[in-house]
Amino acid sequence: MDYRFRSRMTDVSPDIGGMNHPLFTRSELEAMIECAHSLGVKVAAHAHTAEMIEQLLELGVDTIEHGAEVFEEQRGTSLINKWAEVGKKTFWVPTLSVSYHASKWFSSWSREWEKAQVSFKKVLELRDVEAAKGRPEAVRISCGGDTGAFPHGENGLEMVLMRKLGARWEDVLAWGTLQGWECVRGMEWEGSQGDAKVRDAERRFGMDRRFNGASKSALERDVPFGAVRTGWAADLVGIKGKVDGGIEDFEAAIVHGVQFVMKGGTVYMRDGNEVS
Numbered sequence: 009m010d011y012r013f014r015s016r017m018t019d020v021s022p023d024i025g026g027m028n029h030p031l032f033t034r035s036e037l038e039a040m041i042e043c044a045h046s047l048g049v050k051v052a053a054h055a056h057t058a059e060m061i062e063q064l065l066e067l068g069v070d071t072i073e074h075g076a077e078v079f080e081e082q083r084g085t086s087l088i089n090k091w092a093e094v095g096k097k098t099f100w101v102p103t104l105s106v107s108y109h110a111s112k113w114f115s116s117w118s119r120e121w122e123k124a125q126v127s128f129k130k131v132l133e134l135r136d137v138e139a140a141k142g143r144p145e146a147v148r149i150s151c152g153g154d155t156g157a158f159p160h161g162e163n164g165l166e167m168v169l170m171r172k173l174g175a176r177w178e179d180v181l182a183w184g185t186l187q188g189w190e191c192v193r194g195m196e197w198e199g200s201q202g203d204a205k206v207r208d209a210e211r212r213f214g215m216d217r218r219f220n221g222a223s224k225s226a227l228e229r230d231v232p233f234g235a236v237r238t239g240w241a242a243d244l245v246g247i248k249g250k251v252d253g254g255i256e257d258f259e260a261a262i263v264h265g266v267q268f269v270m271k272g273g274t275v276y277m278r279d280g281n282e283v284s
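So, in structure tokens, the structure goes:
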């Protein structure tokens, strides 16, 4: 909920033009989040600065996009530690590919890309420490990117950058699949009620043929996705390559190895070719 709304001043005043300013007061943010949650709707927040990230964690926002300053020299890892303690429900969508691309296009973004890399590595370090204590999801991560910030079709770069910055391949694949659904799913799928709903879906959808003709809009909300299980959406991507090898192997497989794509049971790519 902060933004560079004075970015057009960058040519004459780079510091002011590149500064993220809050768009709403704390009371306004609280009202929006509470209202959305009362209606069963999640809230995704665009945030860069540590101050805004901290407010959003305290207010229980559902996802924070960007968050390049979750680590900064003055605060150290205090905000990351706070996220692990009070923000367990809040997903982080770091959008590394946005900062990466922007740093190639605009020299003013090189510092932002540096911040994004350091913050991501620091979060990985904390996750490893917490995992050793039996808390593997101290800061929950999901894979996503700004629509329009880079060419469509290059979305796999986000996963590659995560891998290059030290994330395990198993984690990266989970962030792009199951935890993607956990991030964006409706609030009716949360908690013990949501767990029961998943069990019901797996039991009911496996035998109920009427869902074969369900509309795409119904499948988006009423069917879980992100895992290959009975009752879950038939969203499948077939990749040729070695995702469990080195970083170069992972990049080749994710970026160049897609051979098969199915969405909601409909095949869109087979043998590396688009299905007309």
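Quick note, the working numbering runs 8 ahead of the 1-based positions in the sequence shown. Glycine included, C-beta positions come from ideal geometry on N, C-alpha and C.
Residues of its chain near residue i, where Cβ-Cβ distance is below 8 Å and the 5 sequence neighbours each way are ignored
i    : result
V251 : W177, L181, D257, F258, A261 and I262
R34  : Q63 and L67
A58  : E77, V78, E80, R83 and L87
R207 : none
N89  : L134
Exposure label - residue i; buried when at least 16 CB within 10 Å
i    : result
P144 : exposed
I255 : exposed
T290 : Shown here, the chain extends from 9 to 284; a query on residue 290 therefore has no answer.
W168 : In the sequence on display, residue 168 carries Val and not Trp. The residue is buried, with at least 16 neighbouring Cβ atoms inside 10 Å.
H264 : exposed
A209 : buried
T103 : buried
H56  : buried
Q125 : buried
V275 : exposed
H160 : exposed
C43  : exposed
D136 : exposed
R217 : With a pLDDT of 48 at R217, under the threshold of 50, the modelled position of this residue cannot be trusted; read the value that follows with caution. Exposed, because fewer than 16 other Cβ atoms sit within 10 Å of the Cβ of R217.
G95  : buried
S107 : buried
F128 : buried
W91  : buried
Residues bridged to residue i [DSSP beta-bridge criterion]
i    : result
T274 : K271
R148 : F99
T57  : T57 pairs with nothing; no bridge assigned.
I88  : Paired residues: none, contrary to the question.
N281 : R278
I72  : A53 and W100
D80  : The sequence given here has Glu at residue 80, not Asp. In the DSSP output, where bridge partners are listed per residue, E80 has G84.
V266 : I247
7 Å Cβ shell around residue i - same chain, five flanking residues per side excluded
i    : result
S284 : none
N163 : G153
G194 : G48 and R229
T85  : F79, K130 and L134
R297 : With the chain represented from 9 up to 284, any question about residue 297 goes unanswered, as that position is not in the structure.
E196 : G48, G202 and K205
A52  : D70, T71 and E73
L132 : G174 and A175
W240 : V231, P232 and F233
W189 : P232, F233 and G234
The ligand NAP heavy atom lying under 7 Å from the CB of residue i
i    : result
C151 : Because no ligand of any kind appears in the structure shown, any question about the ligand NAP cannot be addressed here.
Among the options, the one whose alpha carbon lies nearest that of residue i
i    : options                   : result
V69  : A124, E36, R278 and F268  : E36
S150 : E138, R119, T185 and G156 : T185
W183 : R278, A146 and V101       : V101
D203 : N89, P232 and A241        : P232
E62  : G188, S46 and P30         : P30
H253 : R212, G246, K172 and R278 : The sequence given here has Gly at residue 253, not His. Ranking the options by Cα distance to G253, first place goes to K172.
A157 : E122, S105 and A235       : S105
E93  : V147, S200 and E38        : V147
T98  : V245, D179, E166 and I41  : I41
E198 : H45, M60 and A39          : H45
Same chain, Cβ closer than 6 Å to residue i, neighbours up to 5 away in sequence not counted
i    : result
G280 : Q267
D243 : F233 and K271
Beta carbon proximity, residue i to chain D, threshold 8 Å
i    : result
F128 : Absence of chain D from the displayed structure is noted, only one protein chain being present.
Pick out the complete beta strand (DSSP E) segments inside the region 230 to 258, 3 residues or longer, and give them in chain order. 244 to 247
Threshold first: 3 residues or longer. Then list the beta strand (DSSP E) segments lying entirely within the region 133 to 202, N to C. none
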